[in-house]
Amino acid sequence: MPAFKVIVVGAGPVGLVAGHCLTHAGIEFEILERRDDFDLNAGASTALWPDNVRVLDQLGLLDEARTLRIPYHSKICIRSDGSQISRSRMLAAVEELHGHPWMLFHRGELVDLLRRRLPESSTRIHTGKVVQSIQTNDKGITVTCADDTTHTGSMILGVDGVNSTIRRLIASQPTVPAAQKPSNTTPRPPPMKSSYVGLYGHSAYIPGAMEEGCFYETHARDMTFQVGVAAPTDKCYFACFKRLPHPTTAQHTFTDSEKDAFAASLADVHATTSLTFRELYARAQWSHMAYIEEGVATSPWSSDRIVLAGDAAHKMTPNAGLGLNCGIQSVVVLVNQLRWLLVQKPDSEPGEEALMGVFRAYEAERRKPAAEMVKLSATAMRAPAWRNRVWRFVDQYVLPRIGGDMLVLRYVFAMVVREGVPLDFLEERAFKEGTNGVRVVLINEFTVTGVVPV
Numbered sequence: 001m002p003a004f005k006v007i008v009v010g011a012g013p014v015g016l017v018a019g020h021c022l023t024h025a026g027i028e029f030e031i032l033e034r035r036d037d038f039d040l041n042a043g044a045s046t047a048l049w050p051d052n053v054r055v056l057d058q059l060g061l062l063d064e065a066r067t068l069r070i071p072y073h074s075k076i077c078i079r080s081d082g083s084q085i086s087r088s089r090m091l092a093a094v095e096e097l098h099g100h101p102w103m104l105f106h107r108g109e110l111v112d113l114l115r116r117r118l119p120e121s122s123t124r125i126h127t128g129k130v131v132q133s134i135q136t137n138d139k140g141i142t143v144t145c146a147d148d149t150t151h152t153g154s155m156i157l158g159v160d161g162v163n164s165t166i167r168r169l170i171a172s173q174p175t176v177p178a179a180q181k182p183s184n185t186t187p188r189p190p191p192m193k194s195s196y197v198g199l200y201g202h203s204a205y206i207p208g209a210m211e212e213g214c215f216y217e218t219h220a221r222d223m224t225f226q227v228g229v230a231a232p233t234d235k236c237y238f239a240c241f242k243r244l245p246h247p248t249t250a251q252h253t254f255t256d257s258e259k260d261a262f263a264a265s266l267a268d269v270h271a272t273t274s275l276t277f278r279e280l281y282a283r284a285q286w287s288h289m290a291y292i293e294e295g296v297a298t299s300p301w302s303s304d305r306i307v308l309a310g311d312a313a314h315k316m317t318p319n320a321g322l323g324l325n326c327g328i329q330s331v332v333v334l335v336n337q338l339r340w341l342l343v344q345k346p347d348s349e350p351g352e353e354a355l356m357g358v359f360r361a362y363e364a365e366r367r368k369p370a371a372e373m374v375k376l377s378a379t380a381m382r383a384p385a386w387r388n389r390v391w392r393f394v395d396q397y398v399l400p401r402i403g404g405d406m407l408v409l410r411y412v413f414a415m416v417v418r419e420g421v422p423l424d425f426l427e428e429r430a431f432k433e434g435t436n437g438v439r440v441v442l443i444n445e446f447t448v449t450g451v452v453p454v
């Protein structure tokens, strides 16, 4: 392949997975991260559904990921007073349906795994790189950072989060000549709305107050909590969401005093059957408060040699654990298509028109599934945060009688997982098929020109 190079902006889980996918595709890359370092204590939990566990398997990361996952067997839904609404084995059933389990990780541990196992990570990941401007020309693209360094490549993959600098930069008018655009004065695209605010983090395990291997979800008027108990029982992960009086597009960094005041307003709400949030928050080891944006970027996901993925393109509420999964799926689809473009013309680097064709095809394939995941996640937030008497009645007295969580898993989430796309050039080393599984062709069952097994 020619010296085609991708500049990945953003070193969160999606950006790091992109690095692994590009490595296995034989595509050169570097990653720019605005933070000065990786705070591995930061972050609460993050989940992978089986379609993306398959991707970890293809990337050779599954064995170590298994040692880091937090195993769960049961989901317990409770009211704000701690009384139980329902209990199901929904989380254990995921593996039976799909072959691979639902995997929950401490976000910092997953990031550490992805960073450590990335080949040549010390030279490919550059921290403290705040993107200021981008210049494109017929041969490639140049990124200028706030520290006056420049980074040149063939294209940019923007996975820099919901308040994406790259999304803002590609919002410039397409009629401006490529050599003149864009700069740090380009107009901002419409921000995504937030209807909820969240407080999330991790705390020390409290013996006797929570059951190991259980995932608790509190259902109440205009609010919902989620608490996952880790095994071995050294800590637990929490997320508290409360509906805002009015949706907002504001971008706000909450202070510690605002965070503590919000926690105090929820102090008497039960996080488990026998534990209030006051008791849980008192043992918090890390926490963060933020607006919970949701939506799909209305502007195009690409321009010239620049394309978006992850929260920069599609952001959803975290209750269903679909955000990271949607981002990984977008990266997989993009890398599959990008690699085929390069394989078809191995002796020449693709021009801007060819890249734009790939970007348009990628967006066409991913925009609808991403929108569906945003809607599904929105429902997963709003259903337990009762908005009216109908929701309140159905949630407490109808769904538990008909096995609501299991039905939702089998007929809603299973459909999302079944549509998951693997990398089309790597074998699944530990392929498993569940009762709802879909067979995937292994690499040795067909011939792919130019592929070197990794």
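Residue numbers for the sequence shown, in the UniProt record's numbering: 1 to 454. Idealized CB from N, CA, C, for every residue including glycine.
{"Asked": "Run of the alpha helix (DSSP H) containing L355, from where it starts to where it stops", "Found": "E352 to R382"}
{"Asked": "The stretch 157-166 contacting the stretch 298-312, beta-carbon criterion three pairs below 8 Å", "Found": "yes"}
{"Asked": "Residue range of the unbroken beta strand (DSSP E) whose run includes A146", "Found": "Taken as a continuous stretch (DSSP letters only), A146 belongs to no beta strand (DSSP E), as it is neither H nor E."}
{"Asked": "G161 vs S287 beta-carbon contact at 7 Å", "Found": "no"}
{"Asked": "T298 burial status per 10 Å Cβ neighbour count (16 or more: buried)", "Found": "exposed"}
{"Asked": "C-beta atoms of R117 and L61 nearer than 7 Å", "Found": "yes"}
{"Asked": "Beta strand (DSSP E) runs wholly inside the stretch 32-98, at least 3 long, in chain order", "Found": "45-48, 74-79 and 84-88"}
{"Asked": "Cutoff 7 Å; reference W340; Cβ partners in own chain excluding five residues on either side", "Found": "none"}
{"Asked": "Nearest-angstrom Cβ-Cβ length linking R79 and A239, presumed shorter than 8 Å", "Found": "With a Cβ gap of about 18 Å, R79 and A239 do not count as contacting."}
{"Asked": "Sequence ranges, alpha helix (DSSP H) only - wholly within the stretch 277-349, length at least 4", "Found": "277-281 and 323-344"}
{"Asked": "Complete runs of the beta strand (DSSP E) confined to the stretch 388-431 [at least 3 residues]", "Found": "none"}
{"Asked": "Q251 versus P191, E211 and Y237, residue with shortest Cα-Cα distance", "Found": "P191"}
{"Asked": "C-alpha distance - P13 paired with D112, whole-angstrom precision", "Found": "9 Å"}
{"Asked": "Extent of the continuous alpha helix (DSSP H) run through H24", "Found": "P13 to A25"}
{"Asked": "Local conformation of E30 per DSSP, three classes", "Found": "strand"}
{"Asked": "Contacts around A47, its chain only, beta-carbon distance under 6 Å, and the 5 residues preceding and following it disregarded", "Found": "L104 and G321"}
{"Asked": "Reduced DSSP category for G450 - H, G, I as helix; E, B as strand; rest coil", "Found": "Any answer about G450 is weak, because its pLDDT of 32 lies below 50 and its placement is not dependable; what the coordinates show is given next. Coil, per DSSP."}
{"Asked": "Cβ distance (whole Å) where T144 is taken to contact T150 below 8 Å", "Found": "5 Å"}
{"Asked": "Expected contact under 8 Å - CB spacing of M90 and M406 to nearest Å", "Found": "6 Å"}
{"Asked": "Distance, P318 Cα to L423 Cα", "Found": "25 Å"}
{"Asked": "Helix, strand or coil at E109 according to DSSP, with G and I counted as helix", "Found": "helix"}
{"Asked": "Span of the alpha helix (DSSP H), counted from its first residue to its last, around L118", "Found": "From DSSP, L118 is part of no alpha helix (DSSP H); its letter is neither H nor E."}
{"Asked": "N- and C-terminal bounds of the alpha helix (DSSP H) containing S164", "Found": "That residue, S164, is in no alpha helix (DSSP H); it is neither H nor E in DSSP."}
{"Asked": "Segment contact flag, the stretch 215-229 with the stretch 379-396, C-beta cutoff 8 Å, min 3 pairs", "Found": "yes"}
{"Asked": "Counted within 10 angstroms of its Cβ, other Cβ atoms place I402 as buried (16 or more) or exposed", "Found": "exposed"}
{"Asked": "Where the alpha helix (DSSP H) through K139 begins and ends", "Found": "That residue, K139, is in no alpha helix (DSSP H); it is neither H nor E in DSSP."}
{"Asked": "Beta-carbon proximity list for F262, same chain, < 7 Å, skipping 5 on both sides", "Found": "L199 and M289"}
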